[in-house]
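Colleague: Residue numbers for the sequence shown follow numbering that gives the first Met the number 0, so the first one is 0 and each next one is one higher. Each residue gets a CB set at the ideal place from its N, CA and C atoms; glycine is no exception.
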Amino acid sequence: MSRATLWSTADMDEDLAEAVDVQLSMYAQQGQNSAVYDQLGAQMEQLEPFLAIQQHMAALAAVPDVVKSFIVSFQQAILNHDLPSITMFYTTTFPKLTEKFYARTEWPEPEIIAPLLSSNEATEDQIHIFLVLYRDLYYRHVYSRLHPNIDDRFHSYENSCELFNYLLNSPSSADDESDEPAPVDLVLPEQWLWDIIDEFIYQFQVFCSWRSKVKSKTDDEILMLADGTGVWSSYSVLNVLYSLIQKSKINEYIIALKEEQGKGGARTAEEIAESISPYTALPLYRSLGYFSVLGLLRVHVLLGDFTLALKVMDQVGEFLLGGSSFGAKANKPSITALPTLPATHISTHYYVGFCYMMLRRYPDAIRTFVTVLNFFQRMQRMRGYGGYERKDQYDQIAKTADRTLALYAMCHSLVLPGSPFTRLDDNITNTAKERYGEQMGRMSRGGGDTLGAFEELFLYACPKFINANSPPYHDPETIGLMLSAETADSGEGALASDPTQRHLRLFLSSAAAQSPLPTLRSFLHLYTSLTTEKLSSFLDLAKLSESNREETAEDLEAEEAIQEMMVLKQNSRSVSRVVPAQGITDKGKEASSAVAAAKGSLLEGEMISTSDLNFVIDDNTIHIAESTVGRRYAGWFIKNTERSQRVLDEIRASPLPKPKPATVAAPPPEAQKKPKTVAWGGARA
């Protein structure tokens, strides 16, 4: 059969039209209707702004009246520089409204509440900066209560940059013809300023952790991360913190305070600040500069640079950790001039102590932890949660204190027994044993389960380390290889690249080198001299007695015993800012528990002995000398005498109980009704 001609389209169209009763020529009018469609599209574009306004008005109408009143009053307090009202709105009202209306959802978006701000006769710049501050609270709520998406992460970064750019690069007033930046006319409470810096670093940490997980990203997220390589970069975060320090001149201010205090001058802290720069004269910039120093400490720890973290604390560290202490007398200008928030105090001691621990300066770490744990215990006894308007703040402080206690337990186990630094505070040691007694026992005994206890506490108490560099999202081929490698390794490759695992391996390598030392030290305590062969036989027997090790027929060589003794000698010495005092102190306390703080940088220190056991090796003979410390009877009596004196003073100061009025006791009813016998034998009722 021959196929029909393909080009007989006219006949086919005619047949089709007759079959369906449709004239195909009607479709020629489609070009005439395109103009109508274009006109409708233009009208829809004109209506879109009106539709958006209606949506915003509907969303604003859904906002509770008490929230609207709060926003208007909050803005008015900021415009009037009413610091008590700002503090009340920030620390009390905002958390209460959050719990009541927005515990599971976002606060109203800034664009929705913007119409409320024009009623206070504020300028456009004032409305704009209030919206920036409101966005800071908005995104902080999203991060703490909800799950931020990639848009929230990018927008929170943009808002933080806008806020810091306003603080650092605001132009001068219209009356001033110079183009130089000038301080902003803004007053905020210290707690809010600390939360701004703290939340800025927290969001940076969370973003870096989220960005490093390539496997969980969608295609759209990968494209956005490839385009936004500068978002939440380490350089931008460090640049903000260093700029705030430089703009506020906080280090120069602290140096001037120390010089004035050393000379015994009469200038106040405000006069010193005014003489340095216009920015330093404002409490806003002084607080931001001080908090930025503490923030730099945290960022460098998260990046794994512990030496640089302590270096940035050169000036602040002496006030916070050195001769001055938190809660000192208020007449000290160095203390009253710097913010003294419990959260900053505990957080700073935590990170400084962790740096000392990773640098193997365990005496300094122990002293740092003891200081802040004593402060936290006093805070609990004196105020507890009742001293804080926001429970989340207290919970965060308590969590940091518990992690600090875990770090103290590790350092206490790593310091050799007999060291004066293990007896700095028996109360803290007892608390650590109650909380982590099982882990401390395993860490102190040595053996195969030692590293497991160290790993458990380290993963719980360490900071959440981050990768400074982003995965190559701009290179799809490399990202594909990374995804395939993660799938093939079943998570092992991810653990190998995890920064926390890297720091854990470094710490465990140091702890593993010290694990045989408790056994070696126990044998050396039994002798004043012994040969290396005898010591090696003891160590070999101890090795064979461990159930988790395989038995071996070869004895431990004397050379290996000497190597372990060299490890013991090395771990018996440490660089420390605190030096054990000798003799009796001026307060009558014994020298075994007294320490003297060193001056200068946190990285400075002296080489000291941290063990009560010393030895020398002469040929194959080991000579041991033990420096025994007598029991501290005097300290025990002094402590209990002071405690008894305080109890006696409290009893004397307490008011006496009111005496009860004297009353004549009434005779019992039986005695009243009982007839009395008279002398002549009669009876009367």
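Can you give the Cα-Cα distance for C160 and L601, rounded to whole angstroms?
Modeller: Roughly 31 Å between the two C-alpha positions.
Colleague: Please tell me whether I621 and S521 are closer than 8 Å, where the distance is taken between their beta carbons.
Modeller: No, they are not a contact pair.
Colleague: Which residues in the same chain as L458 place their Cβ atom closer than 8 Å to its Cβ, once the five residues preceding and following it in sequence are excluded?
Modeller: These residues qualify, in order along the chain: T499 and L503.
Colleague: Check A60 in the structure and name its three-state DSSP category.
Modeller: Here A60 sits in helix by DSSP.
Colleague: Within a Cβ cutoff of 7 Å, which residues of the same chain sit near Q202, ignoring the five residues on either side of it in sequence?
Modeller: Y142 and S155, listed in sequence order.
Colleague: With a cut-off of 8 Å, do at least 3 Cβ pairs link the stretch 50-58 to the stretch 88-103?
Modeller: Result no; under three Cβ-Cβ pairs closer than 8 Å.
Colleague: Which word fits D197, buried or exposed, when buried means at least 16 other C-beta atoms lie within 10 angstroms of its C-beta?
Modeller: With 16 or more Cβ atoms within 10 Å of its Cβ, D197 is classed as buried.
Colleague: Here's a check: name, in chain order, each residue in its chain whose Cβ is nearer than 6 Å to the Cβ of L281, leaving out the five neighbours to either side.
Modeller: Taken in chain order, the residues that qualify are P182.
Colleague: Under the three-state reduction of DSSP, which class applies to T90: helix, strand or coil?
Modeller: If DSSP states are grouped into helix, strand and coil, T90 belongs with the helices.
Colleague: Near M223, what residues of its chain come up, given a Cβ to Cβ distance below 8 Å and the 5 sequence neighbours on each side ignored?
Modeller: The residues are I149 and F153.
Colleague: May I ask you to report which of helix, strand or coil DSSP gives R297?
Modeller: DSSP places R297 in helix when its eight states are reduced to three.
Colleague: Apart from the five residues just before and just after Y355, which ones in its own chain have a Cβ nearer than 6 Å to its Cβ?
Modeller: Excluding sequence neighbours, Y355 sits near D363 and A364.
Colleague: What residue from A460, N429 and I465 has the CA that sits closest to L302's CA?
Modeller: Per the Cα distances, I465.
Colleague: Counting only beta-carbon atoms, is R645 nearer than 8 Å to chain B?
Modeller: Included in the structure is just one protein chain, with no chain B present.
Colleague: When you compare only the Cα positions, how much space is there between L534 and S571?
Modeller: L534 and S571: Cα-Cα distance of roughly 19 Å.
Colleague: Name the one or two DSSP bridge partners that D474 has.
Modeller: D474 is not bridged to any residue.
Colleague: Is it a yes or a no for the stretch 236-249 touching the stretch 272-291, going by three-plus beta-carbon pairs under 8 Å?
Modeller: A contact exists between the stretch 236-249 and the stretch 272-291.
Colleague: For P188, does the count of other Cβ atoms within 10 angstroms reach 16, so buried, or fall short, so exposed?
Modeller: Its Cβ being crowded by 16 or more others within 10 Å, P188 is buried.
Colleague: Checking 8 Å against the spacing of the C-beta atoms, do R366 and V577 come in under that value?
Modeller: Yes, Cβ-Cβ distance for R366 and V577 is below 8 Å.
Colleague: Among residues of its own chain, excluding the 5 on either side of V300, which ones have a beta-carbon nearer than 7 Å to its beta-carbon?
Modeller: If we look at V300 and ignore the five residues flanking it on each side, its Cβ neighbours are A308, Y350, F353, C354 and P462.
Colleague: Given a cut-off of 8 Å, decide if G288 and I200 are closer than it, judged by their beta-carbon atoms.
Modeller: Cβ distance not < 8 Å, so I200 and G288 don't count as in contact.
Colleague: If you run the structure through DSSP and keep just helix, strand and coil, what is V371?
Modeller: It is helical.
Colleague: Output needed for V236: all residues of its chain with C-beta closer than 8 Å, excluding positions within five of it in sequence on either side, in chain order.
Modeller: F199, I200, F203 and V298, listed in sequence order.
Colleague: Which residue or residues does DSSP assign as beta-bridge partners of R504?
Modeller: In DSSP, R504 forms no bridge with anything.
Colleague: Beta-carbon separation of S469 and T228 under 8 Å?
Modeller: Yes; because the gap between Cβ atoms is below 8 Å, this pair is in contact.
Colleague: Would you kindly check if the distance between the Cβ of Q190 and the Cβ of F129 is under 8 Å?
Modeller: No, the Cβ-Cβ distance between F129 and Q190 is not below 8 Å.
Colleague: Can you give me the C-alpha to C-alpha distance between E179 and L415, rounded to a whole angstrom?
Modeller: So the alpha carbons of these two residues sit roughly 58 Å apart.
Colleague: Rounded to whole angstroms, what's the CA-CA distance from L115 to K67? Just pull it up for me.
Modeller: The alpha-carbon atoms of L115 and K67 are separated by roughly 7 Å.
Colleague: Could you tell me the distance, in whole angstroms, from the CA atom of E157 to the CA atom of Q513?
Modeller: Taking the straight line joining both Cα atoms gives about 48 Å.
Colleague: Thinking just about the alpha-carbon of each residue, which of V292, I112 and V205 is nearest to the one in P147?
Modeller: Checked all of V292, I112 and V205; the closest Cα to P147 is V205.
Colleague: Between P471 and the rest of its own chain, which residues show a CB-CB distance below 7 Å, the 5 nearest in sequence each way excluded?
Modeller: Closer than 7 Å at Cβ, skipping near neighbours: T477 and I478.
Colleague: If you compare alpha carbons, which of M564, D448 and W106 is closest to L59?
Modeller: Of the candidates M564, D448 and W106, the one whose C-alpha sits nearest the C-alpha of L59 is W106.
Colleague: Checking 8 Å against the spacing of the C-beta atoms, do M312 and L337 come in under that value?
Modeller: No. Outside cutoff.
Colleague: For V292, does the count of other Cβ atoms within 10 angstroms reach 16, so buried, or fall short, so exposed?
Modeller: V292 comes out buried.
Colleague: Quickly, what does DSSP pair M378 with across the bridge? List them, please.
Modeller: Its beta-bridge partners do not exist; DSSP assigns none.
Colleague: Identify which residue in R501, T86 and P63 has its Cα closest to the Cα of L96.
Modeller: For L96, the nearest C-alpha among the options comes from P63.
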